[in-house]
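Undergrad:
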Amino acid sequence: MTRLSRSAVLTPVAVILLLACSVGRAAAAPPFVFSTFNQGALARFAPLPVPEAATPGPGARIALDWTSENLLSQSASEQIRLDGETVRLGLQYRTQWAGTLWSLELPLMLTGGGVLDSSIETWHRWFGLPNGGREQIPRNEYRYVYVRDGRTVFDINGSDATLGDLRLGAARCAADSCLRAMLQLPSGDADRLLGGGLGASLWYERGFALDTAQRWTGAIAGGAGVVRAEGPLQDQQRSLLPFGWASLGYALTARIDAGAQFYLHAPLYSDSDLDGLSSPGGQLVFGFRYRSDSGAQWRAGIQEDVITESSPDFVIHLSADWGA
Numbered sequence: 021m022t023r024l025s026r027s028a029v030l031t032p033v034a035v036i037l038l039l040a041c042s043v044g045r046a047a048a049a050p051p052f053v054f055s056t057f058n059q060g061a062l063a064r065f066a067p068l069p070v071p072e073a074a075t076p077g078p079g080a081r082i083a084l085d086w087t088s089e090n091l092l093s094q095s096a097s098e099q100i101r102l103d104g105e106t107v108r109l110g111l112q113y114r115t116q117w118a119g120t121l122w123s124l125e126l127p128l129m130l131t132g133g134g135v136l137d138s139s140i141e142t143w144h145r146w147f148g149l150p151n152g153g154r155e156q157i158p159r160n161e162y163r164y165v166y167v168r169d170g171r172t173v174f175d176i177n178g179s180d181a182t183l184g185d186l187r188l189g190a191a192r193c194a195a196d197s198c199l200r201a202m203l204q205l206p207s208g209d210a211d212r213l214l215g216g217g218l219g220a221s222l223w224y225e226r227g228f229a230l231d232t233a234q235r236w237t238g239a240i241a242g243g244a245g246v247v248r249a250e251g252p253l254q255d256q257q258r259s260l261l262p263f264g265w266a267s268l269g270y271a272l273t274a275r276i277d278a279g280a281q282f283y284l285h286a287p288l289y290s291d292s293d294l295d296g297l298s299s300p301g302g303q304l305v306f307g308f309r310y311r312s313d314s315g316a317q318w319r320a321g322i323q324e325d326v327i328t329e330s331s332p333d334f335v336i337h338l339s340a341d342w343g344a
């Protein structure tokens, strides 16, 4: 795909932030969002936050993202192969203190060759979606390799069961909107592309309803993060990362919603001719949410890479969220 300029990335994020300040009244029901972001191995260092508009108060969340990555790309001086599966289990706790909503997320990471390759190829064939070279690589392997100017920058295989980067959050909310901040601690292994990024993010998020019956709900947000470079790609990692997202759901019944969410962020790396490193990331997730009488929410969705190569080509997202 054609590489986008920095202004082409900052402009959509600015538009998202502007819309967040101008959208109408908030919904009484929780705004429709998916609690997921870019799950790619090359994005794990970045402090990209989780959409939180549906969780304005104390409580807890369990979010599982089962990611299958497959990328085979090269230029005159670079070659990259990203091939593997990762299960990220995010455990979050939220509490209210001194007028601020505080949160802590503990992410557990499992990596390996996986079992999804054949099923994903079938899925892509059904919907006419590209496989990103998946058919050119042996199935069910875990292999991440990047060669630059004849030098192997990283060559990672095997499997892991470990901790990702811890995340501490704070939010000041007023009715339909929140100003949020996050501190990311580098508890993951940067050398194995499992995190290791010390960073922080600040963003504004607003939930909305498009109709008085509140059947159409969603959220919109915009902000930026900063991160300290770490790991084998630290010389190419960008330190300033604008991001934003927008979601929209429709109430099929009193308890079941269907919807989609688009998450956009600036390129995470510089000084590369490969789209997998130098392109913005765009993830589209679509699926369903069930809301119980007690206020608990269960979500199930499928994520695809709208901007190819800079995001994983397939993610299964499942989450459960409940109040205190």
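Under the numbering used here, read the sequence shown as residues 21 to 344, first letter to last. Every residue, glycine too, gets a C-beta built ideally from N, C-alpha and C. Quantities reported herein were computed from a predicted structural model and do not represent experimental measurements.
Which residues bound the alpha helix (DSSP H) around LEU297?
TA: On the sequence shown, position 277 is the one that residue 297 refers to. It spans 295–298 - the alpha helix (DSSP H) in which LEU297 sits, taken as one unbroken run.
Undergrad: Given a cut-off of 8 Å on the beta-carbon distance, is the pair SER267 and PRO69 in contact?
TA: For this step, residue 267 is matched to residue 247 along the sequence shown. For this step, residue 69 is matched to residue 49 along the sequence shown. Not closer than 8 Å, so no.
Undergrad: Please classify SER339: does DSSP put it in a helix, a strand, or coil?
TA: Sequence index remark: in the sequence shown, residue 339 carries index 319 (1-based). Three-state result, SER339: strand.
Undergrad: Give the single residue among LEU91, ARG114, THR172 whose Cα lies nearest to the Cα of SER97.
TA: By 1-based counting over the sequence shown, the position of residue 97 is 77. Ranking LEU91, ARG114, THR172 by Cα distance to SER97 puts THR172 first.
Undergrad: Around the Cβ of ALA320, are there at least 16 other Cβ atoms within 10 angstroms (buried) or fewer (exposed)?
TA: Residue numbering aside, residue 320 sits at position 300 when the sequence shown is read from its first letter. With fewer than 16 Cβ atoms within 10 Å of its Cβ, ALA320 is classed as exposed.
Undergrad: Which residues share a DSSP beta bridge with PHE228?
TA: Here residue 228 refers to the residue found at position 208 of the sequence shown. For PHE228, which the question treats as bridged, DSSP gives the partners GLY238.
Undergrad: Does the separation of the CB atoms of LEU218 and LEU205 fall below 8 Å?
TA: Taking the sequence shown and counting its residues from 1, one reaches residue 218 at position 198. Taking the sequence shown and counting its residues from 1, one reaches residue 205 at position 185. Yes, Cβ-Cβ distance for LEU218 and LEU205 is below 8 Å.
Undergrad: To the nearest angstrom, report how far apart ASP185 and ALA191 are at their CA atoms.
TA: As a first step, residue 185 is located in the sequence shown; it is residue number 165 there, counting from the start. As a first step, residue 191 is located in the sequence shown; it is residue number 171 there, counting from the start. Distance between the alpha carbons of ASP185 and ALA191 is about 19 Å.
Undergrad: Please work out which residues of its chain come closer than 6 Å, Cβ to Cβ, to PRO252, disregarding the five sequence neighbours upstream and downstream, and give them in chain order.
TA: Counting from one through the sequence shown, the residue named residue 252 turns up at place 232. Result list for PRO252: VAL173, PHE174, in chain order.
Undergrad: Please report the residue range of the beta strand (DSSP E) in which PHE52 lies.
TA: As a first step, residue 52 must be located in the sequence shown, where it is residue number 32. Segment: none, PHE52 is in no beta strand (DSSP E) and carries neither H nor E.
Undergrad: List the residues that DSSP assigns as beta-bridge partners of THR131.
TA: Here the question's residue 131 lines up with position 111 in the sequence shown. Answer is THR106, ASP180.
Undergrad: Three-state secondary structure (DSSP) at ARG64?
TA: The count along the sequence shown starts at 1 and reaches residue 64 at position 44. Here ARG64 sits in coil by DSSP.
Undergrad: According to DSSP, which residues form a beta bridge with THR120?
TA: Within the sequence shown, the letter at position 100 stands for residue 120. According to DSSP, THR120 bridges with TRP117.
Undergrad: What did DSSP end up calling ARG275 once you bin it into helix, strand or coil?
TA: Taking the first residue of the sequence shown as 1, we reach residue 275 at position 255. ARG275 falls in the coil class under three-state DSSP.
Undergrad: By Cβ distance below 7 Å, which residues in the same chain neighbour LEU126 in space, the five residues on each side in sequence not counted?
TA: Locating residue 126 in the sequence shown gives position 106, counting from the first residue. Answer for LEU126: LEU111, LEU186, listed in chain order.
Undergrad: Determine the burial state of GLY60: buried for a count of at least 16 other Cβ atoms within 10 Å of its Cβ, exposed for fewer.
TA: Here residue 60 is taken as the residue at index 40 of the sequence shown, counted from 1. With 16 or more other Cβ atoms within 10 Å, it is buried.
Undergrad: Take ALA233 as the anchor and find which of ALA249, ASP196, LEU272 has the nearest alpha-carbon.
TA: Counted from its first residue, the sequence shown places residue 233 at position 213. Taking only the C-alpha atoms, the option nearest ALA233 is LEU272.
Undergrad: Here's the rule: buried if 16 or more other CB atoms are within 10 angstroms of the residue's CB, otherwise exposed. What is ASN90?
TA: Walking along the sequence shown from the start, residue 90 turns up at place 70. Its Cβ being crowded by 16 or more others within 10 Å, ASN90 is buried.
Undergrad: DSSP state of ARG212, grouped into three classes?
TA: The residue labelled residue 212 in the question sits at position 192 within the sequence shown. Helix.
Undergrad: Can the beta-carbon of GLY227 be found closer than 8 Å to that of PRO51?
TA: As a position in the sequence shown, residue 227 is number 207, starting the count at 1. As a position in the sequence shown, residue 51 is number 31, starting the count at 1. Cβ distance < 8 Å, so GLY227 and PRO51 count as in contact.
Undergrad: Taking the C-alpha atoms as reference points, what is the distance between GLN74 and VAL53?
TA: Counting from one through the sequence shown, the residue named residue 74 turns up at place 54. Counting from one through the sequence shown, the residue named residue 53 turns up at place 33. Correcting the residue type first, residue 74 is Ala in the shown sequence and not Gln. C-alpha separation (whole angstroms): 6 Å.
Undergrad: What's the gap between the Cα of LEU214 and the Cα of ARG108?
TA: Here the question's residue 214 lines up with position 194 in the sequence shown. Here the question's residue 108 lines up with position 88 in the sequence shown. Each residue's Cα considered, the two are about 10 Å apart.
Undergrad: Using alpha carbons as the reference points, say which of GLN317, GLY307, SER312 lies closest to GLN323.
TA: Along the sequence shown, read from residue 1 onward, the residue named residue 323 stands at position 303. Of GLN317, GLY307, SER312, the residue nearest in Cα terms is GLY307.
Undergrad: Starting from ILE327, trace the beta strand (DSSP E) in both directions and tell me its first and last residue.
TA: Translated into positions along the sequence shown, residue 327 becomes position 307. First-last for ILE327: undefined, no H or E at that position.
Undergrad: Whose C-alpha, out of LEU128, TYR164, LEU294, TRP122, is nearest the C-alpha of GLY77?
TA: As a first step, residue 77 is located in the sequence shown; it is residue number 57 there, counting from the start. When each option's Cα is compared against that of GLY77, the closest is TRP122.
Undergrad: Run the CB neighbour count on ALA194, radius 10 Å, all protein chains shown included, and call it buried at 16 or more, exposed below.
TA: Sequence index remark: in the sequence shown, residue 194 carries index 174 (1-based). Exposed, since its Cβ has fewer than 16 Cβ neighbours within 10 Å.
Undergrad: Taking ARG258 as part of the beta strand (DSSP E), name the residues at either end of that continuous run.
TA: Residue mapping note: residue 258 aligns to position 238 of the sequence shown, counting from 1. Per DSSP, ARG258 belongs to no beta strand (DSSP E) and is neither H nor E.
Undergrad: In this structure, how does DSSP classify TYR162 when only helix, strand and coil are distinguished?
TA: On the sequence shown, position 142 is the one that residue 162 refers to. The answer is coil: DSSP assigns TYR162 none of H, G, I, E or B.
Undergrad: Closest by CA to PRO347, which one among ALA278, TYR310, GLN281, GLU329?
TA: Shown here, the chain extends from 21 to 344; a query on residue 347 therefore has no answer.
Undergrad: Sorted by chain position, which residues of the same chain lie with C-beta nearer than 7 Å to SER292's C-beta, five sequence neighbours on each side aside?
TA: As a position in the sequence shown, residue 292 is number 272, starting the count at 1. GLU98, GLN256, SER298, listed in sequence order.
Undergrad: Using DSSP with H/G/I as helix, E/B as strand and the rest coil, what is ALA233?
TA: Stepping through the sequence shown from its first residue, residue 233 is reached at position 213. If DSSP states are grouped into helix, strand and coil, ALA233 belongs with coil.
Undergrad: Whole angstroms is fine: what's the gap from GLY79's alpha carbon to ARG200's?
TA: As a first step, residue 79 is located in the sequence shown; it is residue number 59 there, counting from the start. As a first step, residue 200 is located in the sequence shown; it is residue number 180 there, counting from the start. Cα-Cα distance, rounded: 16 Å.
Undergrad: Using DSSP with H/G/I as helix, E/B as strand and the rest coil, what is GLU72?
TA: Within the sequence shown, the letter at position 52 stands for residue 72. In the structure shown, GLU72 sits in coil (DSSP, three-state: anything other than H, G, I, E or B).
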